[in-house]
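Chemist:
In our numbering, the protein residues as written are 962 to 1357.
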């Protein structure tokens, strides 16, 4: 099994900043630029898939399996090419959601091809693309594996009911990480972060879209239907913790370093990070609080005017075969959106691979699944106000 790339790959999530979405992206998504919206009958182009056996796939760095001896070789992708005869031009060009939005939005807004047939971005950004009409509805008749195997928890997010325009590539959980030995007790609830003996030893994530849902859950809010009043009430509490210096700081992915060094004892964290941290320090624990935690995804979409839509749909469905999903999950160590891949890994003769099937941070158990929810996304109308409030707290 390749070396675990989680710390490098997950850093992309910590680069996200809601303020960027409140400026260029948020403005485009709002009512002020109605011309940005593309009607359904203007989204497709002549599909060349039948005669032009290729597609262009834009993804994040370190987000697909690679060969031990050659990182430029991607075994699962090579197997797809051999099986289908479709040549895949795979690019690792996405380093930040807002940056990528800025790169391709001029083409999409002006009804031009982007040069990409398939892209992967975080669901909160996918929500903007779907609202703007910048991505095409997929033909599920051509995707039987997606229909059969997609995790029920991920099937119908608020921004894309029924996942007509998006399919999760990988998923994850935003919860709490802490050092069991140094804290000396279990952390079970979000409110446990505010214990007096943790003053100055707690960090929160700085990105609005990454942080807000878990904190709302700590207040007993159903994040599938939260309100602006819920948000501001939560911010009032966080503000008190900032003013009293209980919260050490707001972080990106650098909370990993703080937690490892002991400068921080408990923090908001991503499940994918903690898998690697636990390999180095078994005292690091990840908690899905009793009140619940946010389940998120980074999803595949076919942008408007893509010339190889059917080829892209075929590739998506290929990665939903349980055997292929298992290969990907074993390499990236995110929450796998294909629960059936668990049985594939469990049957492996390799003990290390088989053990992954029992890792709840890759395949959440029933108890954990009951406490996971996908947050209602922040609408373009809400975003400027909420981003201003949150960024003032986080010092952005």
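C-beta: ideal position from N, C-alpha, C; glycine also.
Mind checking residue 1348: buried by the 16 CB within 10 Å criterion, or exposed?
Modeler: buried
Chemist: If you drop the 5 nearest sequence neighbours on each side, which residues of the same chain put their C-beta closer than 7 Å to that of residue 991?
Modeler: Only weak support is given to the placement of residue 991: the predicted model assigns it a pLDDT of 41, under 50, and the question is left unresolved by the model.
Chemist: Which term fits residue 1310, buried or exposed, when burial requires 16 or more other beta carbons within 10 angstroms of its beta carbon?
Modeler: exposed
Chemist: Answer yes or no: do residue 1196 and residue 1138 have a C-beta to C-beta separation smaller than 8 Å?
Modeler: no
Chemist: In terms of alpha-carbon separation, which member of 1159, 1010, 1126 and 1117 lies closest to residue 1001?
Modeler: Comparing Cα-Cα distances from residue 1001 to each of 1159, 1010, 1126 and 1117, the minimum goes to 1126.
Chemist: With 16 as the cutoff for other CB atoms within 10 Å, does residue 1254 come out buried or exposed?
Modeler: buried
Chemist: Can you look up residue 1344 in the DSSP assignment and give me helix, strand or coil?
Modeler: helix
Chemist: Give me, in chain order, the residues of the same chain whose beta-carbon lies closer than 7 Å to that of residue 1159; leave out the 5 immediate sequence neighbours on both sides.
Modeler: So the list reads 1226 and 1227, once near-sequence residues are dropped.
Chemist: Helix, strand or coil for residue 1210? Go by DSSP, reduced to three states.
Modeler: Strand, per DSSP.
Chemist: Mind reading off the beta-carbon distance from residue 1211 to residue 1165? Whole number of angstroms is fine, and I expect it under 8 Å.
Modeler: 5 Å
Chemist: So, with DSSP's three-state summary, where would you put residue 1195?
Modeler: helix
Chemist: Kindly indicate which residue of 1099, 1118 and 1288 has the alpha-carbon position closest to the one of residue 1025.
Modeler: 1288
Chemist: Pull up the distance between the alpha-carbon of residue 1182 and that of residue 1337, whole angstroms please.
Modeler: 12 Å
Chemist: How about the stretch 1286 to 1306 and the stretch 1198 to 1215: do they share at least three Cβ pairs that are nearer than 8 Å?
Modeler: no
Chemist: So what does residue 1237 bridge to, in DSSP terms?
Modeler: Bridge partners of residue 1237: none, in fact.
Chemist: Do you know how far the Cα of residue 1032 is from the Cα of residue 1104?
Modeler: 29 Å
Chemist: Could you tell me the boundaries of the beta strand (DSSP E) in which residue 1129 lies?
Modeler: Counting along the chain, the beta strand (DSSP E) containing residue 1129 begins and ends at 1128 to 1140.
Chemist: Ignore the nearest five residues each way along the sequence and tell me which others in residue 1184's own chain have a CB closer than 7 Å to its CB.
Modeler: 1174, 1177, 1178, 1255, 1334, 1336 and 1337
Chemist: Taking the beta carbon of residue 1066 as the centre, do at least 16 other beta carbons fall within 10 Å, making it buried, or is it exposed?
Modeler: buried
Chemist: Look at the alpha carbon of residue 1130 and the alpha carbon of residue 1263, and state the distance between them as a whole number of angstroms.
Modeler: 13 Å
Chemist: Looking at the secondary structure, which residues open and close the alpha helix (DSSP H) in which residue 1270 lies?
Modeler: Here the alpha helix (DSSP H) through residue 1270 covers 1270 to 1279.
Chemist: Can you give, in chain order, each stretch of the alpha helix (DSSP H) that sits fully within the stretch 1093 to 1128 and has at least 4 residues?
Modeler: 1105 to 1110
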